[in-house]
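Q: Following this message is one structure expressed as C-alpha cells.
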Amino acid sequence: MGVLTSIEVDFSKLLPCGVVTIIFLIVLASKLNNGDKTKSSIPHAPRIPYKLPFGLDMAWKLVTRLHSNTFVEYICDEVLDTPGRTVEMNLLGGDIFITDRAENIKAIQADQFADFAKGQTPHDVFSSILGDSVFTTDGPLWKTSREQLEPHVSRVRPDDIPTAEEHIQKLLGLIKNSPERVDVYDVVDRFQLDLVSQVFLGESTNSLSANEQPFRKAMEELLTFNTNRLLFGRLANLFPDWLFAPKAYRDLTRFIDDLIEKTLALPINNQADLKTEKEFNLVEDLVATHPNDRYFIRGQLMAVLMASKDPGAILATWTIYHLARQPALYKRLQQEIEEHIGMDAIPTPDQLRKLDLLANTVKESMRMYHPLGLNIREARRDAILPVGGGPDGKDPISVSAGQIIVYSVAGLQRNKTTVGANADVWDPVRWETWAPKYGDYLPFSIGPRQCPGRVFGRFQIQYILVRLLQEFESIEWCGLGGDGDNGTEEMKIKVELNLKCAEPVICNFTPRCKNAA
C-alpha cells in the first residue's frame, strides 16, 4: 500500500501543527474571500470587533466553541445579540454575514432566491461525500438533480410500512435483548440507515444485525472532519479528507461503488426499460440515466441517504431524551395511541395523522433542534436584505457579491420575541395555543429548496416513536454520561453538518407487559 493510504490524522492535532502554514496563507485567503465592497448607499451590517489581525481571535473562539459544544449558544446569545440580530464578522480575512432574522432568512430562501447560491466552498469541502448532488450544486444541475430525486423521496409508498416494520422488529429485539442500558442515538441511527438504504437503494445496510458498521462509521467520521474544514473557508482544500481520513473515505466509496456495480449488472439498464417497471428504486434510476458517471451517482445517493437518515435519527433521539425525562407526557402519548391505533396494532399513515399530541411533540423537537440549524450561502451578486441595520435593527442592509452568508434557523426558532419567554424550554403543549407566523418556523425550509422529502421524513419520525411507545411501558434517562444521575443539567448541542446531541443519550427501556391471548 502507498504511504497516503496508511495515514490517519486526528483533526484536533491539525490546528497546532498547521498554524504556521495557515498564517502564511491568511493574506492570500483574505483576497480570495473578499470581493470589493458594494458601493451601495445602503450600509453593511454592524461588525463584530476583533483584536488580532485577520480575525484570528474570532477564528480561535469559534473553534473552541465548536469543540466545547457551545457553538449554537455562542452564535445565538452572544454574536447575534444586537437589535437587528444581524452582524458581519471578519474570519481569516473574509467578511462573514450572520443573521437569524425571519425577514432575512425568508429573502435568502425564497423572495431573493436567485441572489444567493450554495457556493463553491461547501461543494469543495463535501465533494467526497456529496459530489455534484442536489445539496452542493446550483443552477441547471441542481434543478435537474432535484427533479430526478423528488419522485423517489416525496411520498410514503405502500411497501414502506412493512419495510419499516421489518427493521423496527430488529430494533426492538436489539433493545429488549440488550444486557446493558441503551445508547438511543446509536440504535435509532442504525435503524434509520437500514430503512432508508432499503427504500432508496434497494439493499439494506443491515447495521442493526452487524457487529461492525464500516459504512456508517465512515459517514460519521467524514461529516465531523469536513465540518471542521468549513471553518477554514477556501483554505479547506489544503486538508483533503482523502488524505487526512483515508480509511473512512475508502470505506464510504467502496460501499456505494459496489452497489452501483451490482445495479449496472442488472438487465434494466436504460430509462425506457425502467418506465415499463411497476416500481424502481433510486439507484436503478440514476444508473439508467447516468451509466458512466459514478461520481455523480455516488453524490446523489449519499445526499439522499444523509437527508433521509440523519434528521430522522437526530429528531427521534432528541424527542426520546425529553420523553424519558417527562413520564407524564409519555403516558399521555400512550393514551392517544391507544385511542386511535391500539397498543398492539401496526400504525398506518392515516392513523398517524390523527395523533395531535404526537404531531405537536415532533414539531417541538423540530423547533428546538432543527437538524439544519445553521446554513451557509454565498451572495451571487451585490444584494440588499430587508432588515438588520440602523440603531433599532429595522433598516435594510447590503451584502457584497461573493460574501459568505450564515443564517441560523436555530436562533430564529428560539427567538423569545416570537416564541415566548420560555423559548429555550422543550414544551409540546405550546402548540395547542401558539401559531407561528409564516417564516417564524421553518421545519423543512421554504422556497425552491424546500425539503422534497418532508412527507416521508414526518412518517419516519412518527412511526418509530409510536412503535417505541407501544412496546415500552416507560423509558428512563440515565443522565449525562449514563451514570444514573438524571439531574437538571441539559444536553448540549453538537454541530456537524447537522445539529445533534453532544453526548450519548443513555436510557433504560422497560417493556410493556402484554395480555396473553
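In my numbering, the protein residues as written are 904 to 1420.
Backbone N, C-alpha and C define an ideal beta-carbon position, used for all residues, glycine too.
Here the structure is a predicted model, which means the values were calculated and not measured.
#1: Just the Cα atoms here: how many angstroms apart are Val1085 and Gly1293?
#2: Taking three-plus beta-carbon pairs below 8 Å as touching, is the stretch 1084-1099 in contact with the stretch 1403-1410?
#3: Measure the C-alpha to C-alpha separation of Lys869 and Asp1003 and round it to an integer number of angstroms.
#4: Look at the alpha carbon of Ala1262 and the alpha carbon of Trp1380, and state the distance between them as a whole number of angstroms.
#5: State buried or exposed for Lys1319, treating a residue as buried only when at least 16 other CB atoms are found within 10 Å of its CB.
#6: Tell me Val1421's beta-bridge partners as DSSP assigns them.
#7: Can you tell me the Cα-Cα spacing of Gly1360 and Gly1215, whole angstroms?
#8: Quick one: what's got a C-beta closer than 7 Å to Gln1101's C-beta in the same chain, skipping five residues either side?
#9: Quick one: residues in its chain with C-beta nearer than 7 Å to the C-beta of Ser1110, no 5 flanking neighbours on either side, listed in chain order?
#10: Would you kindly work out how many angstroms separate the C-alpha atoms of Glu1053 and Leu1104, rounded to a whole number?
#11: What residue does the alpha helix (DSSP H) around Ser1211 start on, and which one ends it?
#12: Opposite Arg1280 in the DSSP bridges: which residues?
#13: For Leu969, which three-state DSSP category applies?
#14: Quick check: the Cα distance between Tyr953 and Trp963, rounded to an integer number of angstroms?
#15: Taking all protein chains shown into account, decide if Pro946 is buried (16 or more other Cβ within 10 angstroms of its Cβ) or exposed.
#16: Classify Lys1178 as helix, strand or coil using the three-state DSSP reduction.
#17: Can we say the stretch 1349-1357 touches the stretch 1003-1013, given the rule of at least three CB pairs closer than 8 Å?
#18: Less than 6 Å between C-beta atoms, sequence neighbours within five positions excluded: which residues of the same chain meet that for Arg1370?
#19: My output table needs one value for Pro1299: the three-state DSSP class, helix, strand or coil.
#20: Please determine, among Glu976, Ala1206, Glu991 and Leu994, the residue with the shortest C-alpha to C-alpha distance to Thr1040.
#21: Quick check on Asn1172: does DSSP put it in helix, strand or coil?
#22: Using alpha carbons as the reference points, say which of Asp1285, Arg1415 and Pro1250 lies closest to Glu1068.
#23: Have a look at Tyr1152 and Ile1032 and give me their C-alpha separation to the nearest angstrom.
#24: Give the straight-line distance between the Cα atoms of Leu983 and Val1332, rounded to the nearest whole angstrom.
#25: Let me know the secondary structure DSSP gives Asn993 once reduced to three states.
#26: Using only CA atoms, which one of Leu1260, Asn1184, Leu1074 and Ser1112 lies nearest to Val1056?
A: According to the data block:
#1: Position 182 of the sequence shown, counting from 1, holds the residue named residue 1085. Position 390 of the sequence shown, counting from 1, holds the residue named residue 1293. Their Cα atoms are separated by approximately 51 Å.
#2: yes
#3: What is shown of the chain runs 904 to 1420, which leaves residue 869 out entirely.
#4: For the purposes of this step, residue 1262 is taken as the residue at position 359 of the sequence shown. For the purposes of this step, residue 1380 is taken as the residue at position 477 of the sequence shown. Rounded to the nearest angstrom, the two C-alpha atoms are 22 Å apart.
#5: Here the question's residue 1319 lines up with position 416 in the sequence shown. When all chains shown are included, Lys1319 counts as exposed.
#6: The question about residue 1421 has no answer, for the chain in this structure spans 904 to 1420.
#7: By one-based count along the sequence shown, residue 1360 stands at place 457. By one-based count along the sequence shown, residue 1215 stands at place 312. Gly1360 and Gly1215: Cα-Cα distance of roughly 6 Å.
#8: Taking the sequence shown and counting its residues from 1, one reaches residue 1101 at position 198. Taken in chain order, the residues that qualify are Thr1066 and Ser1107.
#9: For the purposes of this step, residue 1110 is taken as residue 207 along the sequence shown, with counting starting at 1. Around Ser1110: Arg1093, Leu1096, Asp1097, Gln1116 and Arg1119.
#10: If you number the sequence shown from 1, residue 1053 lands on position 150. If you number the sequence shown from 1, residue 1104 lands on position 201. Cα-Cα distance, rounded: 15 Å.
#11: Taking the sequence shown and counting its residues from 1, the one referred to as residue 1211 is at position 308. Residues Arg1197 to Leu1226.
#12: Residue mapping note: residue 1280 aligns to position 377 of the sequence shown, counting from 1. In the DSSP output, where bridge partners are listed per residue, Arg1280 has Ile1308.
#13: If you number the sequence shown from 1, residue 969 lands on position 66. Helix.
#14: Here the question's residue 953 lines up with position 50 in the sequence shown. Here the question's residue 963 lines up with position 60 in the sequence shown. Going from the Cα of Tyr953 to the Cα of Trp963 covers about 11 Å.
#15: Here the question's residue 946 lines up with position 43 in the sequence shown. It counts as exposed.
#16: Locating residue 1178 in the sequence shown gives position 275, where the first residue counts as 1. Note that Lys1178 scores a pLDDT of 46, beneath 50, so its modelled location is shaky; the value from the coordinates is reported in the next line. In this structure, Lys1178 counts as helix in the three-state DSSP scheme.
#17: yes
#18: On the sequence shown, position 467 is the one that residue 1370 refers to. Excluding residues within five positions, the ones whose Cβ falls inside 6 Å are Ile1071.
#19: Residue numbering aside, residue 1299 sits at position 396 when the sequence shown is read from its first letter. In this structure, Pro1299 counts as strand in the three-state DSSP scheme.
#20: Residue numbering aside, residue 1040 sits at position 137 when the sequence shown is read from its first letter. That would be Ala1206, whose Cα lies nearest to the Cα of Thr1040.
#21: Stepping through the sequence shown from its first residue, residue 1172 is reached at position 269. The predicted position of Asn1172 is uncertain, since its pLDDT is 49 and thus under 50; no value can be drawn from it.
#22: For this step, residue 1068 is matched to residue 165 along the sequence shown. Checking every option, the nearest Cα to that of Glu1068 belongs to Pro1250.
#23: On the sequence shown, residue 1152 is found 249 positions in, with the first residue counted as 1. On the sequence shown, residue 1032 is found 129 positions in, with the first residue counted as 1. Tyr1152 and Ile1032: Cα-Cα distance of roughly 8 Å.
#24: For the purposes of this step, residue 983 is identified with residue 80 of the sequence shown, where counting begins at 1. For the purposes of this step, residue 1332 is identified with residue 429 of the sequence shown, where counting begins at 1. Rounded to the nearest angstrom, the two C-alpha atoms are 28 Å apart.
#25: Residue numbering aside, residue 993 sits at position 90 when the sequence shown is read from its first letter. Asn993 falls in the strand class under three-state DSSP.
#26: Start at 1 with the first residue of the sequence shown, and residue 1056 comes out as number 153. Checking every option, the nearest Cα to that of Val1056 belongs to Asn1184.
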